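Data block below; observations after.
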Amino acid sequence: MASTTPPPTVFSQAWWNELLEESNYLTEACLIKNSVPAQFFTEQDILNIIQEVPDKLSFSAPGLRVYTDGKQVIKELSEMYRSPLQPHEGLQEFTQRIFGQQKFGIILNRATQYHDTLARRLAPLYQGIVEELGVPWLDLNATIFVGNYGYTPFGVHYDGEANSVIHFHQGPGKKLMTLWDEEVFVEKTGSRLHYCEPEKILPYGTTCQIEAHDTFYLPEGPFHIGNTEEFSMALTVVIKGISVKDWLSNALAEMNTESFDPEILAGYESEVNDILASGLIGTEVNEQKFGSWVKAAMEDYQWSLKSNCGFRPPRWSDQKTFPELARQSVQIITPFCIYHQPLKNDQVRLYYRRNKSNFAHASLLLPLLERLNAGEVIEIGQIMAQHPDYQTFLIDFFTLLLNHQAIELKQT
């Protein structure tokens, strides 16, 4: 496991060169010292996320886990909802109010859903993997870890097939990370299951010390556990390759969305009744006209994924109105892009921040998308003056993209 001299900036070309070289192109674990700037992920970012959670994540929904003294707890989790973060509180004030003197851990999955600025900051990770490794389809999940909880509460574990992890450690405390090869782990524990007595097998693993502002990369494969005895903050991103199973299961989910309608796809000629009448029992799906539905749904999933650089969409969309929108200018939120697929009858399907919608008037919208994706600042009043018959349509269109954080207002 390599420990190296730091490159200058996260996601710069030098940073990528260092990571790829030391990890043997993301196939081996490595540690890059002093490579995470203090401003990359801050206490304020965590406060912003924690503040959003009670409103944006149902108490019973998965995503937020809270631990005290090594055990997952409901009481303190409930308290985070009943008595949420106050505007005047810092992170340590808040956690002391909730947990007192107990050792605690807060683990929140899909952190970018609650903090869009963080999503923008992490998007170049997706772009870098695509550009450096030529892997076009990835699912990314950002998780925050906060606390002084000791060993990872769910024990020594394996993150799953096609999953690798990049860990940005902001400290101030350090984390010890111990790895075991599968063969050694199974020999010492008797199975591949989570193992909650790490001290018994520590001598057989490899341990590295991750300090404040270090980057640690963990490839698919090793069983591992972290140990965080001192208070620290960390941001991890799980990088998941898309399997055939993922494609198919997500294609079926796409079929259940309002905008999915294969009848208006360009080049789609079959009638729904013909497809249903043909039957699928005892035949291969790809021999049926239904297969074109699956193909279309898989393409929907691909473009949705790409439109938000692999991350989940924000957990909410705003419902704002913009009374003076005709006097405003807008610009795409970089580094994201809006993708499209042509539909019949001058319609188009747009993919934006992992959302999708069908629109009429494709011939009007496509030149606008080209300008937005190029980073151009668009004066809405000018567009409306050029298309006086479509003013309401244009206001609705720009309002939708604003409320889904695909574009933002710009001062001109």
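The opening position of the sequence shown corresponds to residue 5 in the numbering used here, with each subsequent residue numbered one higher.
Ideal Cβ placement from N, Cα and C applies to all residues, glycine included.
For clarity, every value in this text was computed on a predicted model and none was experimentally measured.
The alpha carbon of E47 has as its nearest neighbour, out of P176, V139 and I229, the alpha carbon of P176. Taken in chain order, the complete beta strand (DSSP E) segments of 3 residues or longer contained in the segment 209-251 are 210-214, 218-222, 227-232 and 236-245. Of the other Cβ atoms in all chains shown, fewer than 16 fall within 10 Å of the Cβ of E328; this residue is therefore exposed. Rounded to whole angstroms, K244 and A127 show a C-alpha spacing of 15 angstroms. Between A65 and the set R353, R114, I337 and L406, the nearest pair of CA atoms involves R114.
Considering only D73, V381 and L51, the residue with the shortest C-alpha distance to H92 is L51. Rounded to whole angstroms, the separation of the alpha carbons of L137 and F45 is 25 angstroms. The C-alpha of T232 lies about 31 angstroms from the C-alpha of Q17. Under DSSP, W184 takes part in a beta bridge, and its partners are F227. CA-CA distance, R358 to K204, rounds to 44 angstroms. Here L183 is not near G154, since their CB atoms are 8 angstroms or more apart. When Cβ pairs closer than 8 angstroms are counted between the two stretches, the segment 369-376 is seen not to touch the segment 300-320, the count staying below three. Each of A42, V150, V139 and A300 was checked against the Cα of L252, and the nearest Cα belongs to A300. Looking only at D400, L24, F397 and A42, the smallest Cα-Cα distance to H217 is reached by A42. Counting the other CB atoms within 10 Å of its CB gives I54 a total of 16 or more, which places it among the buried residues.
Boundaries around P371 are those of the alpha helix (DSSP H), A366 to N377, since no beta strand (DSSP E) includes it. The C-beta distance from R353 to H365 rounds to 13 angstroms, too long to meet the 8 angstroms contact threshold. Going by beta carbons, T325 and T403 fall inside the 8 angstroms limit. In terms of Cβ geometry, L142 and I133 form a close pair [threshold 8 angstroms]. Using a Cβ distance threshold of 8 angstroms, V242 and N145 count as a contacting pair. Beyond the five residues adjoining it in sequence on each side, L81 comes within less than 6 angstroms, by CB distance, of V70 in the same chain, given in chain order. Here the alpha carbon of D393 sits roughly 46 angstroms from the alpha carbon of K249. Uninterrupted beta strand (DSSP E) stretches at least 3 residues long and entirely within the segment 93-169 occur at 108-112 and 142-151, given in chain order.
Counting the other Cβ atoms within 10 Å of the Cβ of R86 gives fewer than 16, which makes it exposed. Shortest Cα-Cα distance from P202 to any of C212, Y355, T219 and F189 involves F189.
Restricting attention to G225, Q105, L239 and W19, the CA atom closest to the CA of K179 is found in L239. Rounded to the nearest whole angstrom, the CA to CA distance from D185 to E224 is 11 angstroms.
Pairing H161 with F220 gives a Cβ-Cβ distance that is not under 8 angstroms. The beta carbons of Q351 and N407 sit no closer together than 8 angstroms. Take the alpha-carbon of L122 and the one of G385: they are about 31 angstroms apart. Within the segment 33-105, the complete alpha helix (DSSP H) runs of at least 4 residues fall at 47-60, 79-86 and 95-103. In this structure, L373 sits near I342, with a CB-CB distance shorter than 8 angstroms. One Cα belongs to W307, the other to N254, and the distance between them is close to 12 angstroms. The C-beta distance from E83 to I102 rounds to 5 angstroms, short enough to meet the 8 angstroms contact threshold. Uninterrupted alpha helix (DSSP H) stretches at least 4 residues long and entirely within the segment 294-358 occur at 294-311, given in chain order. Around the beta-carbon of I78, fewer than 16 other beta-carbon atoms lie within 10 Å, marking it exposed.
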